[in-house]
Amino acid sequence: MSANTAVAEKYRNNFLKEIEEQVEMGDWVKMCMQCGVCSGSCPTNFQSAWEHPPQELFMMILAGKREEVLTSSSMWNCTSCYNCIVRCPRKLPITHIMHGIAEYAHRLGMAPKMQPTRFFSGLFWKNCTHTGRVNELKLSLGLYFKDGFVQGVKNGMAMQAVAIGLLKARRLNPFELFGGHKCKDQTGIQAMLKKAYEIERSRKTAKMAG
Amino acid sequence: MTEHVATNETILVVGGGISGMTAALEAAETGKNVVLVEKNPALGGRTSQLYRYFPKLCHPTCGLEINLRRLKGNPRVRLLTLAEVTGIEGSTGNYTATIKVRPRYVNENCTACGDCERAVEMKVDDPFNYNLSQHKAAYLPNAMAYPQRYVLDPAIIGTADAEKAKAACKYGAIDLDMQEETIQVKAGAVIWATGWQPYDAAKIQPYGYGRFKNVITSVEFERLAALQGPTGGKILRPSDGKEAKNIAFIQCAGSRDENHLRHCSRICCMASLKQTHYVREKYPEDGKSTIYYIDIRAIDRFEDFYQKVQADPSVNFIKSKVAKITEDEHGNPVCHGVDTEGYKRYTTPHDLVVLAVGMEPSVKGINIPGHIVADSSGFIEADPANGAVFGAGCASNALDVNRAVQSATAAALRAIQVVNKVAKAEA
Amino acid sequence: MAKHEYAFYPGCSSQKGASASNYLTSVESMCKTLDVKLTEIPDWNCCGASIGYAEAGELPRHVLNARNFALSEQHLPGQEIVATCAACWLGARETRERLTHSDTLMSDTREALKEAGLTINEMPNIRHMVEVLIEDLGFDEMKKHVVRPLEGVKIAGYVGCQTNRPFGVDGESFENPQYLDKMVEMVGAESIPEYEQKVTCCGGALAFSEPEKAQAQIKDIVESAYDHGAEMIVTPCPLCQANVEIYQGHVNKKYGTKFDIPVMYYSQLMVVAYGGSAKDAGLNGQVIKARRLEEIAAKPVKR
Amino acid sequence: MADIKVAAYICKGCGLGERLDTDALVKIAQKDGKVPLAKSHDFLCNADGVAMIKNDIANEGVTHIMIGACSRRAKTEAFNFPENAVARANLREGVVWIRPDTDEARETTQEMAEDYIRMGCAEVKAMTAPAGNPNTGGSKTLLVVGGGVTGMTTAIEASKTGYSVVLVEKSGALGGWAGKLYKRTPVHEPYKSPADTGVADLVSQVLADSNIKLYLNATIAKTDGAPGRFVVDVATESGATHTEDIGAIVQATGFTLYDMNKLPELGGGKSPNVVDQAGLEALASAAAAGDGVIRRPSDGAPVKSVVFVQCAGQRDTTGQHLSYCSGFCCNASIKQAMYFKDVNPDVDTTIIYTDLRTPGNGEDFYRSAQEKGVIFTKGKVAEVMPMGNTSTVKFNDLILGDTDASMVDVDLVVLATGQVPNSGVNIELPAEAAEAGTVEIKPISILNLSYRQGPDVPQLKQGFTDSHFICFPYETRRTGIYTAGPVRRPMDIAQAREDATGAALKAIQALENAELGRAAHPRSGDLSFPKIRLEGCTQCKRCTVECPFGAIDEDEKRFPVVNESRCRRCGTCMGACPVRVISFDNYSINSVGAQIKAVDIPDEFSEKPRILILACENDAYPALDMAGMSRNEYSAFVRIIPIRCLGSVNTIWITDALNAGYDGVMLMGCKSGDEYQCHFVKGSELGRVRLSKIDDTLKTLNLESERVRDLEVAITDIERVPEMINKYAAELVAVGPSPFKGF
C-alpha cells in the first residue's frame, strides 16, 4: 500500500498517528478542544478560501478523513499571520501545523496540483536555495508563468503597473534575470541542505516504520 | 459579637465572604471562639455584590441577612474589619497572626444616621459597584453593611471635607486621628477563606476590555442588573447610557486558556445562563441574549436550569470561542468568529458584550508559614504540609456558592479538630 | 567606537535593487545619526521565509537560518544579530527557539552545517531593529535627534503580523501594540492609536499567489487609514510595505476606490525628522510618492 | 407574671428628638403602655445610655425592656440584654426615615411613632425571656448510615473531633461504590493520571478506630426521638436488633447507577461488550489482577478499540430518563480511557460527548487525556448496534456536521449512565402518582423514622434530599439528620469527602446545641420553643401535619407531642392552630395580637386609614428597614409587625385586626413553590395555603376581598416595597373605610 492510497479507518487513530509522525508539530493536533478561535481569527477565513478551517481540519484528522484532509487546498490559504497561535487557548502552533500538513500533502503528491500557493511556495524555496538568496524577478516571473506561457503573459500584463512602479522606484532590477543577488558559498549551502534533507527523510522513515 | 481574647483554642478565619462567614459561624455555633478578619469595611464578600443566585434566582442578601443575624447573636465571633493578615508564624495548634488594621475614622458611636455623608462633597469610586459609580467619601459600604457603621475614605483625610464630616456628627463618632494598627492574634488553627477575584479582563486582548466601553465583565453586569446598583437595576450600556437589549455573553474569558487561567472556573456558564434571565426580566419584549461557549458546564442539578434557558427563544447558543471583538461606528461591540458546529462564520454586532471572566484565587502575596501547598492555579490544596492552615471556599477551588459553603463547613470541622486537641492537651 | 554594534542581517528584500531597498537606505541613514554600527553578516543567506514551507521541511529551514548564526558567530563574535525584515527576524528567532528546545534538532543541524564547514557553539540573540531602537536606545534617545519634526502629519501605524506575532516586541499587546504610534509621536507627527487595522494581515505571500484573497484585506487596511484621516501609513515590515503600497492600484480597479496613500518605513520618518534628505530617507523608492515628506525633507533644518 | 417590671426607653438621637415629640412618647408609654418606668435619652445606644438601662435592671428590678429607637436589626451589640425580654419600637427606620420632614407630615408621623410605642409596650408585656427547651438529650454519638467513602469519611472525621460513631452498612463490606473502582480521578497536582481510590486506607482507619462501632449487613429498623436523644434500632442479618442512643445522624447512602437496561438503543443489556462505568471498573480491576490487558467480555480478546458514550440516559429532556447531569462522568470516562492508554497507547479510545464537563483542575485531566491520545468527539450517539464480538456506534458528529457518522468494529462500548440517589421513601409523593406508577417508587425506607410525617428525609423532585442548596446546603427538613454525598446531589469522591466532613460538623453542632436546648439553623441559638396548652387542644392534627420539620408527633391519645430539639422555631404550628393553644415565650398569638390591639384606630371620618403589615423578619422586614435607610417614603397609615415566617401567621390576627377597624392587612412573605426562598422551606407556602381561605372569613364579616393582600417580598425590594404600600393605601381609599371602626 503506497502512502498515497493508504486508507484511514474512520474515527480511528491511525491517521492521527500518521500526522503525528510525519507532520511538523503534528503531535499537537490531538490537543485541540474545538473552541474555534483559530477559525475565527484567520484573516483569509471566508468560506470560499477555507473549505475547512484549522479546527475543522483537526477534527477531520481525528475522524480519520485522510483523503479529504490531504487533498484539501485549505491549509494552503495560511498567510502565516500567527493570529491563531497567539489566541489558541491550548497553545497549538497552528500556523506551523498548517504548513506541516501542507508540506506533507505536497510530499505525498496529494496536494492539489495547481494550488497557486503550493506552487509559489515550492518556487520560492527553490529560488532562494538556488543561490542562497531570493531573486525577486525570477520568482515573480516563475509565478506568472506557472499556468503556461499565454497565462503568464496575461498575468504579467496584469502586474505591469506594479512592475513599472517598482522599476521606477529602483526596487526591481531587470538585470536580476541574468544573475542577481547570490551567496558566495553556494556549494556549501547546497551540500548543507542536501545533508539536512537526508537526515530529515531518514528520521521520518524511521518513524513510519514504527 | 464580642471581644474575647484569642488563644491557641481560637480559630482564625481570614475572609468575611460567604465562605469565611460560614466557617466562622459554624465553628462558633459548635462552641468555638473565632476571630474573623475581613479586609473590606463590611462583611459579605463577592456574593453580596451579586444581583441573583443561580439556579433559584433568589437574592444573595437573603442568605446574608440570616448569616448576619447569626453573627449578631453569637458572642463567640470577634470581628475585625478593614483588617488584613500580613503574616502567620508558628505551627499547628500554636499560631500567631499579624494583622494590619486600617483606620475607619469612625468609631462605635456611629449610629449610621448618615449626617456625615450629607455633609461632605468629595466623591470617590465605589468598589462595591466595581467602580461603575461613585459614592461620597463618607459612606456606608452598602445597604446591608455590617458592621452598620460609616467609613471615611482615606482620600478625605486632611481636607476641609473631613472636618465637615466631623462637625456634622452629633455623636462624636468621627475620629480623624485614627491610625493604622498592627495587632497580633493567637490561634490554634487558621481557615483561609479569602475568596476569588475576577480575572483581569484587560489581559484578554482580543476582547478589547478597557478599549471598548461596551465590553464589560460578568461581575460588572451583576451590578448593572442589581436594583441598588449604579443604574438602579436598568441594563444600560456604559458608553452612552442606551438600553442594552441585545447582549452577548462570552464564556471562558480567561478560563480554560493556557495564556490566562489553566483551570475551568466552574461558575461562569451558570452565571451567564442566569444573566440571560436578567435580560429577559428587564426587557421582556425584545431582550436578546447570545451565549458564545465551548462547552456549557451546567453541572449536576443545574442542568435543569440550562434546559430552561435553552427553551427560551430569546437566548441563542453558539458553540464558538469568539476570536475578537471590534467596535462599529455606533459604538456597538462586534463579535467575530466561527460557529464550530457546522462551520458558520459570524460577524455580529451587539449592544453590550459581557465577558464571563474566570476566577483567580485571592491568595497571592500572603505570607503563610511553611510555604502553603497550592495547585498550579494558586488554589490552596488539602495537604498535611499546610499544618492547621485550611483552605475554604474559592481560596481552595473554583466553586459555586453551594460548594463553597460545603467547603467552608468542612474546613470549620478540620479547624475544630485541631483546637479540640489543643484543649485536651491543655486540660 | 559606535555606541551600539550589531551583526546585521538585512535579508533578501533589503538589498540594492530589491523590493525593500529604500528600507535599507533609510536604516543606514538612521543608524548613522543614532551612532549604531551595523556590520553585515558576511555571505548571509535567505531565511527561507514562512512561505517556503512546501519544500523546506523542518530541518532544512532551520539549517538555513543556523548557517547565518554560524557565520555571525565566526565573523562577529559576541554580537547580537539584528534584522530589519519581519520574516527574517521571525524565521531566525523560530530556529533559535526550536534548536534551543530540541537536542536532536540541534545535533542534526550541526551535522548538516558541517557540510558547509560551519558550526554553532552558542545561540545568538535575534533582534528586530525596532527592538534595538526601543529597548537599547529608548524613545528619549531617539527623540533627542529630531531636528525637523513632522508637524501636522497624520500617520496610521500599521504594525502587521510578523513583527507582532507570535513573539512581538516585549511589553506590547498582540491586538493593540502601541510602539509604532509612539514612534510617530516621537518624530513629531500625529498618531492614530485607534486605527483598528493596525494588526490586520496584509495577505503575506498570498498577495502574490492568490492576489484576490489578499487584496480584500489590503483594502480594509488602507480604507481604515483614510477613515481616520491618515495621510500616510507607516510600517516596520517590508512585505507589509510592499503589499499595501503596490496593490492599491489593483484594489482601486476591483473596488472602485481611489486609494493613493504612501506607505513608509518608520526609519524613513526618522531620517526625515533627523534632518536627512529625501535621498537619505529613500523617498525616491516609493511607488506612491510621499509628497508631504518630500516637502518636509526639502525644508531647512531647525538647529 | 407577678414580678415583671417593664421599662420603656425612648431615644432622641438620629433625628428622633427633632422629628418627634419624645416627651409625648414617654407619656404614651406611661399612660397607654402602662409601664412604670419610662425615660428618654439623647443617645441611647452609646455607653451612657446602655449603662442607664443596665443600672435600671440591676437597681430598679427591670425585667422587661421596651426600646423605642432604631430597628431591631440595628445596634444589636448595644441593646443586648440576654436575661431580659426585649421589644424594639422601630422609630427610626420605621418612622422618621420613611416620612417626609414637613409640617403637614408631622402629625401622622407622630401618630405612627406613638402607635409603635404602644405596640412595643404591649408586646414586651406579652413576652418572657426564653430559657431553652426541656427534653434535651445528652448523647454525643453520631449515627452514620452508609459505609461508602462518604460514610467512612464522616465517621473518621467525627471520631477525630472526639465523638463516637455508630456506622451502619447494609452490605457485608465497607467501601461502597468507590470500593468497586479500580482507580479514581486525581485530586492533587499534577492532575494527570488516575489515582488510588484511598478506600483501603479509609477502611483500615475505620476498623482500627475504637470510637467507631461498625455494623455490617445491617439496616436501620427504627429511628425514634430527636437530636440529642435519638433511639435507633439497628437490625443485623442474624435478625438481632441492637438499640443505640444517638445524638445526630448523617445519612450517606450514596447512589445506584442508572440502569443501562433502560437504554436498549445504546446497546444496554444487548451485549456483554456494552457495559456501564461500573462494568468497566470491574474489567479494569480484573485486568490489573492479571496481565494488565482489558479484555472483551464476549470472548476474552484484548480490547483494541473502546467508545465512551457520555450522558447515557442523562440530561434527558423527554422525561424518559434522568433530566440532570451527574457531573462526575466526564472525568470518570477520561479516567477509564486512561486505563487503556496507560497500558497500551495503541488502543483507540474515543469519548463522544456533547458538552465536556471537567470543572476546576479537571481541565488538566482532560488535557492529559488528550496528550495520551484519547480522542474527544463532540457528537450525539444515536445508536449502538452490537453484532457478534463488536459493535457499531452511530452518531451525529456535531463538528463535522455529519449526521450519519459511525464507528465500526468497536470492541467495547462504555455507557456513562448517571447517579440515582438512594434516598429512601419519598414521603411527599402524591398518592395518585404512586398509584399510577408514573414515578419510580423506592419502597424501602432507609431511616425508618417513627415521625408522624413519614419514615425518611423529604426529597426534591429528582429524588435528592431536600436542602437550601445555595446558602445553607446542609439544612435538611429533619433537624439533626444531615445527608451527605451523592444522596444529596450527584458528586464525585473528592466532593463527597468534603461533603462528609461538613456533614460531620453539622451533626456534631446539632447534638451539642440539642443538649443546650437551643435551636438549629436558621434561628440558631434561639432558646424559645413551642409550648402547647393541651387542655385546649382539639386534636385536629394541623400542627403535626404542617410542621415543615416533622417536629411534632402524636401520642396514643392523638395529642400533639412536640420534640423540641427537632423544631426550628418557625412558628408554623402556632399559625396553624385553630384554637390558638401553641405559643413561644417571646412570640405568641398574644404578643402579636396585643400589638394589633394596641394601635389607636381613628374613626371613619378622620381619613386616616390603618393598615396592618405582617412582615417576614427574614426578607420583608429587612427590605422595609433598608427602604428607610434609603429614605424611601411610604404611607404613615401602616403599622408593621415582624413575624418569624408567613407560616406562623394565625388567621385570628387578621380577623382581630379587621374587627378592630383596620382597613386592610398586608402579608409580606417569601417566595414559595419549587424555587422557594423561605428559610423554613415550606413555611411561606403553608402560610399562603392557610390565608387563601381567608376570603370565607371576609365574607362572613361582609368585607371586601381587597382588605387582605398576600404579597411576595424579596429582601432586595427596597424600592418596590414602599411602592406596594403606597399603592395599596391608595386602593383602600377607593374601597372606603372599614365598617368596623369605632366598635
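Chains as they are written, first to last, in the UniProt record's numbering: chain A, 1 to 210; chain B, 1 to 427; chain C, 1 to 303; chain D, 1 to 743. Ideal placement from N, C-alpha and C gives every residue a C-beta, glycine not left out.
Check                                                                                                                     : Outcome
Exposure label - D603 (chain D); buried when at least 16 CB within 10 Å                                                   : exposed
Bridge partners - L227 (chain B), DSSP secondary structure assignment                                                     : Note: L227 (chain B) sits in no beta bridge, so no partner.
Contacting residues, own chain, Cβ-Cβ under 7 Å from A131 (chain D) (five flanking each side not counted)                 : L527
Beta carbon of R610 (chain D) nearer than 7 Å to that of I601 (chain D)                                                   : yes
Sufficient close CB pairs (3 or more, under 8 Å) joining the stretch 306-321 of chain D to the stretch 244-261 of chain B : no
Beta carbon proximity, V106 (chain B) to chain D, threshold 7 Å                                                           : no
Proximity test, Cβ basis, 7 Å: S407 (chain B) and chain D                                                                 : yes
Closer than 7 Å to chain C by CB, I85 (chain A)                                                                           : yes
C-beta neighbour in chain A for E258 (chain B), strict 7 Å                                                                : yes
Candidates B:S376, B:I372 and B:G378, of which the one nearest V389 (chain B) by Cα                                       : B:I372
Pairwise C-alpha distance: D619 (chain D) and F128 (chain B)                                                              : 21 Å
For F328 (chain D) and R184 (chain D), the rounded distance between their alpha carbons                                   : 11 Å
Cβ-Cβ distance between R707 (chain D) and G742 (chain D) below 7 Å                                                        : no
Simplified DSSP assignment, three categories, for G393 (chain B)                                                          : helix
Rounded Cβ spacing between A623 (chain D) and I718 (chain D) (contact assumed at less than 8 Å)                           : 6 Å
Residues that DSSP places opposite E89 (chain B) in a beta bridge                                                         : B:T96
Beta-bridge partners of M407 (chain D), as assigned by DSSP                                                               : D:V393
Short CB-CB distance (under 7 Å) between H263 (chain B) and chain F                                                       : In the structure shown, chain F cannot be found, because the protein chains are A, B, C and D.
7 Å Cβ cut-off: residues of chain D touching S314 (chain B)                                                               : Ordered by position in chain D, no residue passes the 7 Å Cβ test against S314 (chain B), which lies about 19 Å from the chain.
contact_flag[the stretch 493-509 of chain D, the stretch 153-170 of chain D] where n(CB pairs < 8 Å) is 3 or more         : yes
Three CB pairs or more closer than 8 Å across the stretch 36-45 of chain A and the stretch 70-89 of chain A               : yes
Residue interval of the beta strand (DSSP E) (run including Q251 (chain B))                                               : N246 to A253
Extent of the continuous beta strand (DSSP E) to which R78 (chain B) belongs                                              : V77 to L80
C-alpha distance - C32 (chain A) paired with Q55 (chain A), whole-angstrom precision                                      : 7 Å
Host beta strand (DSSP E) of Y215 (chain D) (start-end)                                                                   : I212 to Y215
Which of helix, strand or coil DSSP assigns to D674 (chain D)                                                             : coil
Cβ contact check for the stretch 295-306 of chain D and the stretch 245-257 of chain D: 3 or more pairs under 8 Å         : no
Three or more C-beta pairs below 8 Å linking the stretch 188-195 of chain B and the stretch 14-27 of chain B              : yes
Near-chain B residues of the stretch 142-172 of chain A - C-beta to any C-beta below 9 Å                                  : none
Residues of the stretch 159-176 of chain C with Cβ closer than 9 Å to any Cβ of chain B, in chain order                   : S173, F174, E175 and N176
From C:K289, C:L293 and C:N284, residue whose alpha carbon lies closest to that of G17 (chain C)                          : C:N284
is_contact[Y82 (chain A), chain C] using C-beta, thresh 7 Å                                                               : yes
Distance, A23 (chain B) Cα to I416 (chain B) Cα                                                                           : 10 Å
Reduced DSSP secondary structure (H/G/I, E/B, other) of Q184 (chain B)                                                    : strand
Beta-carbon separation (whole angstroms), I99 (chain B) vs E84 (chain B), contact threshold 8 Å                           : 7 Å
Interface positions of the stretch 42-67 of chain B facing chain D (Cβ-Cβ less than 7 Å), listed along the chain          : Y53, K56, L57, C58, H59, T61, C62, G63, E65 and I66
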